[in-house]
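Okay, so here's the structure we're looking at.
In my numbering, the protein residues as written are 630 to 699.
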């Protein structure tokens with residue numbers, strides 16, 4: 630009878646662990662989504678900073694203003 634009880638407790642433990650793993654997997658997926666959004670925002674900000682830096686360089690004469698070919 631002790632072996633059956635041990636087996637049942639082991640099965641219950643496995644079921645509980647599986648449910649915890651599924652919950653953690655869902656939380657990880659949500660976190661990954663948040664990280665992707667932050668990375669996208671950083672990329673956008675970086676692009677804006679590069680454009681601003683280019684503008685400032687042209688305005689100050691460090692970088693010549695591109696000529697428009699006709």
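From the three backbone atoms N, C-alpha and C, an ideal C-beta is built for every residue, glycine too. If you're wondering where the values come from, they're calculated on a predicted model, not measured in any experiment.
In the structure shown, residue 697 falls within a coil segment according to DSSP collapsed to helix, strand and coil. A Cβ-Cβ distance of about 4 Å is found for the pair residue 692 and residue 686, placing them in contact under the 8 Å criterion. Assignment of residue 634 by DSSP, reduced to helix, strand and coil, places it in the helix class.
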